[in-house]
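Trainee: Read top to bottom, the protein sequences are chains F and H.
The first sequence: position 50 = 62 (the working numbering), numbered continuously.
The second sequence: position 297 = 309 (the working numbering), numbered continuously.
What follows is a single structure, and I will ask about it in a moment.
Number of protein chains: 2
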Amino acid sequence: MNELLRYFQRELPGINQFLDAEAEALNGLVRDVAKHIIGSGGKRIRPMLTLLFARAMGYDRDDYHAIACSLELLHSATLLHDDYLDDAELRRGRSAAHLVFGRTETILAGDALLALANEMGARYGNARLCWLLARGIMETAVGEIEEIRFSKHPTLDREAYMNIIIGKTARLIECACRCGAALAGATPEQEDAAGEYGLNLGIAFQLVDDALDYASPTSETGKPEGGDLREGKVTLPLILFMEDGDEAASETLLGLMRDGELTEEQCAEILAQVQDAGCPQRTRDEAAHYVERAKACLAGFPPGEPVTVLGQAADYVLTRTK
Amino acid sequence: MNELLRYFQRELPGINQFLDAEAEALNGLVRDVAKHIIGSGGKRIRPMLTLLFARAMGYDRDDYHAIACSLELLHSATLLHDDYLDDAELRRGRSAAHLVFGRTETILAGDALLALANEMGARYGNARLCWLLARGIMETAVGEIEEIRFSKHPTLDREAYMNIIIGKTARLIECACRCGAALAGATPEQEDAAGEYGLNLGIAFQLVDDALDYASPTSETGKPEGGDLREGKVTLPLILFMEDGDEAASETLLGLMRDGELTEEQCAEILAQVQDAGCPQRTRDEAAHYVERAKACLAGFPPGEPVTVLGQAADYVLTRTK
């Protein structure tokens, strides 16, 4: 993982600087909200992937920041609206923006970041980049909506679950990879290979996220343990647990989750059972398949530092603990 | 106004059909919200302007719907978020969407319409269109934000007021006109002339809107009379009234508006005084100047039905009573 670490250490400051400058230039009413969500960390995976695919394709110019960072801002915009609509209290260990700045500022900051992301992608006069970004924004919006709709009618349907994690997470990561390739003037086949890597990586990333939600204490993830369960979100660890269990008990649990009537005691008990049954680990095992598929997509790119880092990034998704 | 009427009667059905089909294709959770806001009428000024400028430039293809309607959807997205954040009760005479469908559905429908608008503009593979749309989205978001910020610190500053109506209304109308010209492959000068027409028309449009708010009964506008005053929005009729009045009284009124402490009796009294002082009409007189400027921008376009209709559309902005 040495190359991965070195690459991030070298490139992250430039990306963060660019993000900070764009947030600083926003209107006063929403500037602090934007700085709060951007400054709260995040792994900057999306901008790094855009950069890495551009470099893997031999792109040597230094004007990649706007398109790379647009994906991060789009992701931040989604978090702002999501956390507000979910009544979330924490984000990356800090108070959620709407609790600090109020609903008006938070909703409008989300709108402004979405608009800014889109405008940043349009700066290149490259119609393909615009199209990729427009589609990424659309797919992410639909993914958000599907997730909320699913949480109102939770089921154990794995296909529905997969569609949701693809929509809310993997499509945007696919978009980040495609944008890097498109910036470098990739052929459709090369762009598709980059997109395929991103899609599989994104699925693995979200699977691990959902596993961590059941397995990792708040102090590491910055989110309350078992948060998905409490919020009524059915994710793979719970699906795996309930597939092995009693059907009637599952229906009762889904009903309680849907109506928000799960008590703290019931939550703690289910959490322990899901952990004891090894379901977080089994979720990680699923993620490992997608990581392998992602890595296979790199075969057509010329060897070198970017492709090495992309391979290590895929492995890192699997080993991260927060 | 015969040509204007005939043109709208001929083209509106196609535009409405396209908008309905796009709304129908949205995700189930937000579809009805989108249909509610799109189906609640609106004058379709933005799509018509895009079409008219494309036709004025000799564009004879029939693939204009996506870009023309994208501006209408963008406008609808703004209304959804605005009405929710303003706690508005009515929109075009119907209950505001958030009161019918709830906050989650309404916020997400706004996000989805914004994303869809953007995606529709990107369908042409035309980088200039993408850029215009991206900038229009950004300027509209900033305009919304400025308006809300201004309402928290209302002043009698006419420059601030003008910036707000430009941001929240005129820039998007400018964008609609520019997109029509750009679709037809306009030179930068031609696109600028179309944009200048739109900017001036948009300013006139909003000035008349603000005059109507003080002068027109709910039954015609579908909005409560004096709504801006009640919501603490300082607009030109009030600025003109207070510029002629007592400074201390103005400060007191601004304070009450800011704190939302204006009583129904005070509102009714101020409304009557603003009307008696002829301030709605003086606001319309201002609008007339902008209409003239808009019409002057048409000089460079070849005469014909589209340019005739654009001239009549400018006059119509001034004479409308709702």
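Just so you know, even glycine gets a beta-carbon here, dropped at the ideal spot from N, CA and C.
Given the structure is predicted, the values throughout are model-derived calculations rather than measurements.
Does the stretch 35-47 of chain H touch the stretch 122-130 of chain H, meaning 3 or more C-beta pairs lie closer than 8 Å?
Mentor: With the cut-off at 8 Å, the stretch 122-130 of chain H and the stretch 35-47 of chain H touch.
Trainee: Going along chain F, which residues have a C-beta under 9 Å from residue 124 (chain H)?
Mentor: Simply 150, 153, 154, 156 and 157.
Trainee: Have a look at residue 263 (chain H) and residue 84 (chain H) and give me their C-alpha separation to the nearest angstrom.
Mentor: So the alpha carbons of these two residues sit roughly 38 Å apart.
Trainee: Within 7 Å (strictly less), CB to CB, does residue 175 (chain H) reach chain F?
Mentor: No - not a single Cβ of chain F is within 7 Å of the one on residue 175 (chain H).
Trainee: Looking at chain H, is there any beta carbon in it that lies within less than 7 Å of the beta carbon of residue 171 (chain F)?
Mentor: Output row for residue 171 (chain F): interface = no.
Trainee: Keeping to the same chain, check which residues put their C-beta closer than 8 Å to that of residue 62 (chain F); ignore five residues upstream and five downstream.
Mentor: Excluding residues within five positions, the ones whose Cβ falls inside 8 Å are 76, 79, 80, 83, 188, 189, 191, 192 and 195.
Trainee: With distance defined between alpha-carbon atoms, name the residue in H:117, H:241 and H:295 nearest to residue 278 (chain H).
Mentor: Minimum Cα distance to residue 278 (chain H) is reached at H:241.
Trainee: For residue 184 (chain F) and residue 87 (chain F), which I take to be in contact (beta-carbon distance under 8 Å), what is that distance rounded to the nearest angstrom?
Mentor: Residue 184 (chain F) to residue 87 (chain F), Cβ: 6 Å. Contact.
Trainee: Along the alpha helix (DSSP H) that carries residue 150 (chain F), what are the first and last residues, could you check?
Mentor: 139-164 is the span of the alpha helix (DSSP H), which, as asked, contains residue 150 (chain F).
Trainee: What are the boundary residues of the alpha helix (DSSP H) that includes residue 85 (chain F)?
Mentor: Note, residue 85 (chain F): alpha helix (DSSP H), 77-97.
Trainee: Name the residue from F:155, F:260 and F:134 whose alpha carbon lies nearest to the alpha carbon of residue 145 (chain F).
Mentor: It is F:134.
Trainee: Please go through the same chain and pick out, in chain order, the residues whose beta-carbon is closer than 7 Å to the beta-carbon of residue 23 (chain H), but skip the five residues on each side of it.
Mentor: Excluding positions up to five away in sequence, the list reads 60 and 63.
Trainee: When DSSP builds the beta bridges, which residues end up paired with residue 107 (chain H)?
Mentor: H:102, per the DSSP bridge assignment.
Trainee: Would you mind stating whether residue 179 (chain F) and residue 155 (chain F) have Cβ atoms separated by less than 7 Å?
Mentor: In this structure, residue 155 (chain F) lies closer than 7 Å to residue 179 (chain F) by Cβ.
Trainee: Anything in chain F within Cβ reach of residue 142 (chain H), meaning under 7 Å, just list it in chain order.
Mentor: By Cβ distance, chain F contributes 134, 139 and 142.
Trainee: Listed in chain order, which residues of the stretch 258-291 of chain F have Cβ atoms closer than 7 Å to some Cβ of chain H?
Mentor: Residues passing the 7 Å Cβ filter: none.
Trainee: Need the endpoints of the alpha helix (DSSP H) that residue 307 (chain F) sits in, please.
Mentor: Residues 291-308.
Trainee: Which chain H residues are close to residue 131 (chain F), counting only those with a beta carbon under 9 Å from its beta carbon?
Mentor: The contacting residues are 143, 146, 147, 149 and 150.
Trainee: To be precise: take each residue of the stretch 25-43 of chain H, compare its Cβ to all Cβ atoms of chain F, and keep it if any distance is under 9 Å. Which residues remain?
Mentor: From the stretch 25-43 of chain H, only 38, 39, 40, 41 and 42 have a Cβ closer than 9 Å to chain F.
Trainee: Taking the alpha-carbon positions, what's the residue 314 (chain H) to residue 260 (chain H) distance?
Mentor: Cα-Cα distance, rounded: 54 Å.
Trainee: Return the Cβ separation of residue 225 (chain F) and residue 238 (chain F) in integer angstroms, given the expectation that the two are a contact with Cβ distance under 8 Å.
Mentor: The Cβ separation is near 7 Å, so the contact holds.
Trainee: What are the residues of the stretch 92-119 of chain F that lie near chain H, defined by any Cβ-Cβ distance shorter than 8 Å?
Mentor: So the list reads 93, 96, 97, 115, 116 and 119, given in the order they occur along the chain.
Trainee: In whole angstroms, give me the CA-to-CA distance for residue 168 (chain H) and residue 203 (chain H).
Mentor: Between residue 168 (chain H) and residue 203 (chain H), the C-alpha separation is close to 34 Å.
Trainee: Name the residue from H:217, H:321, H:109 and H:200 whose alpha carbon lies nearest to the alpha carbon of residue 15 (chain H).
Mentor: If we check each option's Cα against that of residue 15 (chain H), H:321 comes out closest.
Trainee: Kindly list the residues whose CB is nearer than 6 Å to the CB of residue 291 (chain H), restricted to its own chain and excluding five residues on each side of it in sequence; keep chain order.
Mentor: Only 249, 252 and 253 meet the Cβ criterion.
Trainee: I believe residue 299 (chain H) touches residue 216 (chain H) by the beta-carbon criterion, under 8 Å. Please report the beta-carbon distance rounded to the nearest angstrom.
Mentor: Indeed they touch by this definition, with Cβ atoms about 4 Å apart.
Trainee: Three-state secondary structure (DSSP) at residue 226 (chain F)?
Mentor: If DSSP states are grouped into helix, strand and coil, residue 226 (chain F) belongs with the helices.
Trainee: Given this structure, state the Cα-to-Cα distance separating residue 34 (chain H) from residue 174 (chain F), to the nearest angstrom.
Mentor: In a straight line, the C-alpha of residue 34 (chain H) is about 26 Å away from that of residue 174 (chain F).
Trainee: For chain F, find out if any of its Cβ atoms is closer than 7 Å to the Cβ of residue 196 (chain H); answer yes or no.
Mentor: Closer than 7 Å: no.
Trainee: Is residue 132 (chain F) buried or exposed, if buried means 16 or more other CB atoms sit within 10 Å of its CB?
Mentor: Residue 132 (chain F) is buried by the Cβ-count criterion.
Trainee: Only counting the same chain, and skipping five residues up and downstream in sequence, which positions put a Cβ closer than 7 Å to that of residue 388 (chain F)?
Mentor: For chain F, the structure presents residues 13 to 334; residue 388 (chain F) sits outside this window and is missing.
Trainee: Measure the C-alpha to C-alpha separation of residue 54 (chain H) and residue 181 (chain H) and round it to an integer number of angstroms.
Mentor: When rounded, the distance between both Cα atoms is 14 Å.
Trainee: Which two residues bound the contiguous alpha helix (DSSP H) that contains residue 387 (chain H)?
Mentor: Because chain H spans 13 through 334 in this model, residue 387 (chain H) falls outside it and cannot be assessed.
Trainee: Since residue 177 (chain F) and residue 162 (chain F) should fall inside the 8 Å C-beta cutoff, what is the C-beta to C-beta distance between them, to a whole number of angstroms?
Mentor: Contact flag wrong, Cβ pair sits at about 11 Å.
Trainee: Using a threshold of 7 Å, state whether the C-beta atoms of residue 100 (chain H) and residue 108 (chain H) are closer than that.
Mentor: Yes; because the gap between Cβ atoms is below 7 Å, this pair is in contact.
Trainee: What residues in its chain sit with their C-beta under 8 Å from that of residue 113 (chain F), if we drop five residues either side in the sequence?
Mentor: Closer than 8 Å at the Cβ level, and outside the excluded window around residue 113 (chain F), lie 44, 45, 48 and 121.
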